[in-house]
Every structure is written in structure tokens, then in C-alpha cells.
Amino acid sequence: MNLKIFALVLATLIGISAKTIAQTLDRAAPLGFQGRYLVSISDADMLASAYVDGKLGSREGRDAISVIPLTGKHIRDLRAYEAEASNSVAGPPAAVAVTPDGRYALVVETLEQRPEGDWQKQTFADLKHGKRLLVFDLSNPTRPTQVQELAIAERPTSVSINRDGSLVSVTFHPKGAGAKTPLALIPLTNGRLGQAIYPPVSSLPQGDELIHTTWHPTQNTLALVNTTTAEISFAKVVGEDNNLGLESWGNVVKIEKAPYIARFTPDGRHLIVNNLFWGADVQGTWNEAPRGSVVSIRLEAGKQTDGSPRHALVSRAMTSVSPEGLTVSPNGRYVVTTNLERSYLPYNDNRITWFSSLTLMTLDPQTGQLNRVADYPYDGILPEAAAFDASSQYLAVVTYDHFDDRIKGGSIDFWRIASDPLNPQPQLVQTRYSIPVARGAHSMVLVP
């Protein structure tokens, strides 16, 4: 063989072999997490165990908002970009919301950041009630920037934005303003908050806790979660400008003990609600709670005698213990709860579970029927929120803290929906991919 030809063939073979080896070394199970970015918030002021013994523990940074851009990189190369954002885990995991266009994030300050001082003497009781709603510009997701803060009523607990980004709802804890002012409606124009309006909520008896509200995906209608009486009601927003009010829409639906947050299915046909089974009649209020549940409510399942809509409870499924976080997939076919278990107890408490868990359920979009698949324990403390990606095939989960104290901060951990080709039952599989964020991660949304 001609020497030049031989050299060319040899070089080609070497190149092919090198490429093959590189491809082999770069093998990885698929994880095409789809979306523009994830937005989470972290409460750096307290250890998870402060819920039980009141001891805040050593401080680990400042409260933060974390933005994780998802486009253009392999998931192993993603990172979080953070800015200070006063917030608190002492409420439902719905303390951050993003406008439909993805431009602005809103964060409620439930409790102020802890004061300076000797951390060994600081307790949960030292945290003062917050009264701010913060606005962040995400136009450059690598540099989230606070652009406004609005003083609102005391101790806000959750925030939600309507379908066109023009109106914000905020709930308040009864030990703050909530006993008299349980809800605020706030106009939002081009990322700028207007004056807060505090309409009466006729379906909420005075003193009951309106723990969460969420907007219907196609109309200016709110689902209202009364955790005191375990009831769901619905109200349409009426009026305009500074004369906004609420008008009851249909019947009140009685559900199960200690509902926490509500999520509409993408088509708005059903409302999904988690129930924690916490209460004064539970040992330790929540420390020894039994398994929780999820229920589905069909909107406008029929008509009442006066012609108004009748909403109906149609299905329930059991979860593991304390299912604080709740998410519905964009295709409307999966529901996942993030279960605290008893992971947040002090390390010397013999009731502690050295794990948390997720519960996966399938959902029939037409009937609202829930089918519990399984619980999936994992190594992490106090997971309060999760978000499906835009494809409904992957899941991001916030982990507040880790059992290994050498690992600083919290994390966003990634899971996939998987199944055996010969057995189509879906399963949740935890991947090795995880992104560090500030300690205390507790609320999160996907910007698709």
C-alpha cells in the first residue's frame, strides 16, 4: 500500500476510535429537562428542626432568590444565580410566583430575616412578622434584580398571579393581619405593583385561616383554601381598578383534614388539593401526623337548584407523611407530593426519619380520578416543593437541607418519570443531578 494512503487510513481509524471512545465516556441516561428557568427561594434563617425545638441554629448566608437558566447547557453544567430576598419557610410552599411572560418574580416576606446576635440564643420567636411584597426583574436570569417592594398587611403567606399577569393575590396568617384581612388583590402592570385592595371573603368565617389561593388558568376565578374548616370555595373577581371585589361562585366543597395548597389542572377542569392531617388534636400538632392525602374536585360538575354551579369531590389518594408540596404535570396526567416525613426533627429526637419522600399519582384528565403509584424515599431534609418540566417527563425537587452537615446549603434535585417498556406503569427515579442553592429552599416554580 502507498505510504501516504496507509497514513491517511490510519489517521481516519484513529479519529473514529477517539470519537467512539469519547461518546462512550460521555454516555448518560436522558435528562432533557425542558423550560426556560427554575426560580426558587431559600430561608437561610433557621434549621428545619426549629419547627420543633425553636432553636434557629447557626446562620448560613442570607435569604435568597435563586434562578437556574435551563437552555443551552447539559443539566450537569447548570448553576443557580442568586440575589438577596427576604422570605420565610413558615407558611405554605407558595411564597414565590412568576408572571406568565417569565419577566418578573414576586416574593412574599412572611417573617423578616433574623436579627444580628448570638445564634445560640436566638429562637423562632425572635423572628418578626414581615409585611413586604418584593418584585424581581428576571430579564437577565443570571442577574435577578429587585426593582420594587410594596408594604402590605402583616405576615403574608402565599402569592399567586392570574392568567394574564395583571392581578396578584396574597393571603395572610391569622396571627398577622389574616384574622381581619385574609386576602389582598394587587394590580400588576409591566412589573409594577399598584395599590393593594383587601376585599371581604364571604366564604371565610372570621378567624379562620385562608392559607392559599390559586387562579384558574382561563378565567379570573380564585380557589380559596380554608385550612381551619377543611373547605374549598371559589370566587370570581368583580369590578375594576380600585373597586375590585369577590363574588362567590358555586358551592363550598368539604374535603379532608388540614388542606395546604391547591393546584388547578392545566385545562381548569379539576382542582387538586393536598391534606396534611395536622392539628391541635394530633400528637405534637404535626410531629406525629399520620399519612396525608390528595383529593380532586371537578368544577361545574352540575347545577344547584338556584342555577349556580355545583362543584364535586370526585377522587382521593393517600400520600406519605406531611405532603406539603404539590405539583401537577403540564400534560395533566401526573400528580406528585413532596412529603416531609419526620426528617426535620432534631437529630437527637428518636422519632426522626432519616429520609423524606415523594408520592407519585396518575390522574385521569377527563374524570379527575387519582391513582396512587408509590412512595419514593430519598436522602434529604424537608422537601417542600417540586415542579415538572415542560415535557412532563422530569421533575425538580427542592431540598431544604442535608443530613450530612458537611454539605452546605440546600439543593434542587432532579428526577425522571420512567417505566419498563414491558410494564408501562410509571415510576419516579432519582437521578444523580443536583444543583446547590442557598440553605432553606422551600418554594419553586418553572418558567416554561
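For the sequence shown, the positions run -22 to -1, 1 to 426 when mature numbering (1 follows the signal peptide of the UniProt record, and there is no 0) is used.
Where a beta carbon is used, it is the ideal one built from N, C-alpha and C, also for glycine.
Counting C-beta pairs closer than 8 angstroms gives three or more between the stretch 137 to 152 and the stretch 66 to 80, which meets the contact rule. Rounded to whole angstroms, L291 and G346 show a C-alpha spacing of 9 angstroms. Between the alpha carbons of S226 and G50 lies a distance of about 46 angstroms. Excluding the 5 residues flanking it on each side, V423 has same chain C-beta neighbours closer than 7 angstroms at V17, V74, A75, V76, A365, in chain order. Proximity to V125 across A22, D55, A61 peaks at A61, based on C-alpha coordinates. In the pairwise beta carbon analysis, the stretch 313 to 321 is classified as touching the stretch 335 to 350: at least three pairs are separated by under 8 angstroms. Taking A396 as the centre and dropping the five residues before and after it, the same chain places the C-beta of Q405, V407 closer than 6 angstroms to its C-beta, in chain order. At a Cβ-Cβ threshold of 8 angstroms, I239 and L304 count as neighbours. Cα atoms of D115 and G69: separation of roughly 24 angstroms, rounded to the nearest angstrom. DSSP places G108 in the strand class (E or B) of the three-state scheme. Between the alpha carbons of K99 and K33 lies a gap of roughly 8 angstroms. P165 has L145 as its beta-bridge partners, per DSSP. In the DSSP assignment, A28 forms no beta bridge with any residue. A Cβ-Cβ separation of about 10 angstroms leaves I359 out of contact with S389 under the 8 angstroms criterion. A26 and S286 have their alpha carbons spaced roughly 45 angstroms apart.
With fewer than 16 other Cβ atoms from the protein chains shown falling within 10 Å of its own Cβ, W97 counts as exposed. By the CB criterion at 8 angstroms, L105 and E127 fall outside the cutoff.
For E362, there is no enclosing beta strand (DSSP E), since its DSSP letter is neither H nor E. A distance below 6 angstroms between beta-carbons, with the five flanking residues on each side excluded, links H107 to the following residues of its chain, in chain order: E132, R133, G154. By the neighbour-count criterion, in which a residue is buried when 16 or more other Cβ atoms sit within 10 angstroms of its Cβ, E266 is exposed.
Residue environment: N65 is assigned as buried (16 or more neighbouring CB atoms within 10 Å of its CB, all protein chains considered). As for any beta strand (DSSP E) of minimum length 3 sitting wholly inside the stretch 68 to 129, the runs are 74 to 76, 82 to 89, 107 to 115, 123 to 129, ordered along the chain.
One alpha carbon belongs to G262, the other to L254, and they sit about 13 angstroms apart.
In this structure, DSSP gives A396 an extended state, which the three-state scheme calls strand. Counted as a single uninterrupted DSSP element, the beta strand (DSSP E) harbouring G303 occupies residues 303 to 306. DSSP places D186 outside any beta strand (DSSP E), giving it a letter other than H or E.
Fewer than three beta-carbon pairs drawn from the stretch 215 to 224 and the stretch 243 to 259 are found closer than 8 angstroms, and the two stretches are therefore not classed as touching. No alpha helix (DSSP H) of 4 residues or more sits fully in the stretch 259 to 314. For A419, the three-state secondary structure derived from DSSP is strand.
Listed in chain order, the beta strand (DSSP E) elements of length 3 or more contained wholly in the stretch 323 to 392 are 334 to 341, 348 to 356, 364 to 366, 372 to 377. Per the coordinates, the alpha-carbon of L318 lies some 11 angstroms from the alpha-carbon of W332. For H248, the uninterrupted beta strand (DSSP E) run begins and ends at 248 to 253, by DSSP. In chain order, L9, F11, F392, Y411 place their CB closer than 7 angstroms to the CB of I53, counting only its own chain and leaving out the 5 sequence neighbours on each side.
Annotation: L182 to K214 spans about 15 angstroms, alpha carbon to alpha carbon. Around the beta carbon of P93, a 10 Å sphere encloses fewer than 16 other beta carbons of the protein chains shown; the residue is thus reported as exposed.
When secondary structure is reduced to three states using DSSP, G156 falls in the helix class.
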